[in-house]
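Written out below as C-alpha cells is the structure these notes cover.
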Amino acid sequence: MFRNARIETARTRLRPFTMADLAVFREIAGQEEVLEFLPDDRMTPAEAKRLLQWLIACYDEDTLERLVKFSLPIALRETGEVVGWVGLGPLDFDVAAIEIYFVISRAHWGKGYATEAARALLGYGFTVLGLPRVVGVVDRRNGASVRVLEKAGLRYERTVEGLPEAYRSYEGHLLYALTADEWTRRRLGNERRARDTT
Ligand SMILES: CC(C)(COP(=O)(O)OP(=O)(O)OC[C@H]1O[C@@H](n2cnc3c(N)ncnc32)[C@H](O)[C@@H]1OP(=O)(O)O)[C@@H](O)C(=O)NCCC(=O)NCCS
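In terms of this note's numbering, the sequence shown opens at residue 3 and continues consecutively.
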C-alpha cells in the first residue's frame with residue numbers, strides 16, 4: 003500500500019522513491035525558487051541523501067493508523083522524468099492533522115502538474131488510506147501553492163496563530179482543509195454534472 007503505491011494521472015505516474023532518484027531529488031530540493039517559501043534550509047548533498055533514505059524507510063513504517071511520511075515522486079508518463087514530488091504526513095505543529103505538500107521543479111511550473119498530482123493523492127488518501135481530513139499550510143505570499151490547494155478542493159479554514167516558539171516559522175500561514183465527506187460530495191457532484199451534459 004505504501005511501498006507498492008502506484009497512482010496514475012492523465013500525464014503523470016506517482017510511485018515510491020528509490021535511491022535512483024537521488025540526483026533529481028537533490029537538484030530540485032536545492033533550487034532557490036523552490037526553497038523561497040519553505041521552512042527548509044538548503045541541504046548538503048549528504049543531508050539530501052539521508053533525507054531520501056529516510057523517506058524510503060518511511061514506506062515500511064507508515065501504517066493506516068499512523069502515517070510517518072508518505073512522499074511520492076511525480077514522474078511523467080511519457081518520458082519517466084521526475085518533475086517533483088507530492089506527499090502526506092503529520093503536520094509539524096499538530097501531529098494529529100495530516101497535511102499534503104508538493105514541490106515541482108522550477109522548469110515545470112505552471113503546467114498543472116502539482117494540481118494533477120495533489121488531486122490524485124487526495125483521492126488515494128481518502129479512499130485507500132481512509133483519511134478523514136487533509137490540511138494544507140501555506141505561506142500567504144506563496145500564491146501558486148494557495149492556488150493549487152484551492153484547485154485541489156481545499157478551502158481556507160483559518161490563519162495559524164499563537165504557536166509555541168519552536169513553530170514560529172508557521173505564524174501567519176494560511177490553513178486550508180478538505181474532509182473525506184466534502185471530497186466525496188464534490189466527486190459525486192462532478193460525476194452527476196458529467197452525466198447530465200452527455
Ligand atoms: C507551488 C508549486 C508546487 C506549484 O506547482 P505547479 O505545477 O506550477 O502548479 P499548477 O500548475 O498545478 O498550478 C499553479 C497555479 O498557481 C497560479 N499561480 C502561479 N503563480 C502565482 C502567484 N504568484 N499568485 C497566484 N497564483 C499563482 C497559476 O496560474 C496556476 O493557477 P491556474 O491554473 O488557475 O492558472 C510550485 O510553484 C513549487 O514547487 N513551489 C515551491 C515549493 C512550494 O512552495 N511548495 C508548496 C508548499 S506545500
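Ideal Cβ positions, reconstructed from N, Cα and C, are used throughout, including at glycine.
Apart from the five residues just before and just after Ile58, which ones in its own chain have a Cβ nearer than 6 Å to its Cβ?
Counting from one through the sequence shown, the residue named residue 58 turns up at place 56. Here Ile58 has Phe19 as same chain residues with Cβ atoms under 6 Å from its own Cβ, once five neighbours each way along the sequence are excluded.
Cβ of Leu66 within 8 Å of Cβ of Gly132?
Here residue 66 refers to the residue found at position 64 when the sequence shown is read from its first residue. Here residue 132 refers to the residue found at position 130 when the sequence shown is read from its first residue. For Leu66 and Gly132, yes; Cβs fall inside 8 Å.
Three or more C-beta pairs below 8 Å linking the stretch 138-151 and the stretch 170-179
In short, these stretches touch, since the Cβ pair count reaches three.
Suppose you measure from the CA of Glu80 to the CA of Arg189; what does that come to, to the nearest Å?
Here the question's residue 80 lines up with position 78 in the sequence shown. Here the question's residue 189 lines up with position 187 in the sequence shown. Their Cα atoms are separated by approximately 27 Å.
Is it the case that the CB of Ser171 approaches a heavy atom of ligand 1 more closely than 7 Å?
Within the sequence shown, numbered from 1, the residue matching residue 171 stands at position 169. Ser171: no, Cβ never under 7 Å from ligand 1.
If you follow the beta strand (DSSP E) that Val140 is part of, which residue opens it and which one closes it?
The residue you call residue 140 lines up with position 138 of the sequence shown. Element bounds for Val140: Arg135 to Val140.
Taking a cut-off of 7 Å, which residues have a beta-carbon closer than that to any heavy atom of ligand 2, in chain order?
As for ligand 2, it is missing from this structure, which binds only ligand 1.
Opposing strand residues paired with Gly86 [DSSP bridges]
Your numbering for residue 86 matches position 84 in the sequence shown. The partner list for Gly86 (beta bridge, DSSP) reads Ile76 and Ile106.
Report the option in Asp94, Asn6 and Gly191 whose CA atom is closest to the CA atom of Asp42.
Reading the sequence shown from its first residue, position 40 is the one you call residue 42. Among Asp94, Asn6 and Gly191, the Cα nearest to that of Asp42 is on Asp94.
What did DSSP end up calling Glu29 once you bin it into helix, strand or coil?
For the purposes of this step, residue 29 is identified with residue 27 of the sequence shown, where counting begins at 1. It is helical.
Within 10 angstroms of its Cβ, does Pro166 collect 16 or more other Cβ (buried), or is it exposed?
On the sequence shown, position 164 is the one that residue 166 refers to. With fewer than 16 other Cβ atoms within 10 Å, it is exposed.
Output the residue ranges of the alpha helix (DSSP H) runs that lie fully inside the stretch 36-66 and measure 4 residues or longer, sorted by chain position.
Unbroken alpha helix (DSSP H) stretches of 4 residues or longer found wholly inside the stretch 36-66: 47-63, given in chain order.
Does the Cβ-Cβ distance between Pro92 and Leu69 come in under 8 Å?
To locate residue 92, count along the sequence shown from 1; it is residue 90. To locate residue 69, count along the sequence shown from 1; it is residue 67. For Pro92 and Leu69, yes; Cβs fall inside 8 Å.
Less than 8 Å separating the beta-carbons of Leu24 and Leu123?
Looking up residue 24 in the sequence shown gives position 22. Looking up residue 123 in the sequence shown gives position 121. The Cβ atoms of Leu24 and Leu123 do not sit closer than 8 Å to each other.
Give the range of the beta strand (DSSP E) segment to which Thr161 is assigned.
The residue given as residue 161 occupies position 159 in the sequence shown. Annotation for Thr161: the continuous beta strand (DSSP E) segment containing it runs Arg157 to Thr161.
Contact set for Ala50: own chain, Cβ-Cβ below 8 Å, skip 5 residues either direction:
If you number the sequence shown from 1, residue 50 lands on position 48. By the criterion of a C-beta distance shorter than 8 Å, Ala50 is surrounded in its chain by Leu24, Phe27, Arg28, Ala31 and Gly32, once the five residues flanking it on both sides are discounted.
Would you kindly report the start and end of the unbroken alpha helix (DSSP H) that includes Tyr126?
If you number the sequence shown from 1, residue 126 lands on position 124. Counting along the chain, the unbroken alpha helix (DSSP H) around Tyr126 starts and ends at Tyr115 to Thr129.
Supposed contact pair Gly138 and Trp185 - C-beta distance, whole angstroms, cut 8 Å:
Position 183 of the sequence shown holds residue 185. Position 136 of the sequence shown holds residue 138. Not a contact, Cβ separation roughly 13 Å.
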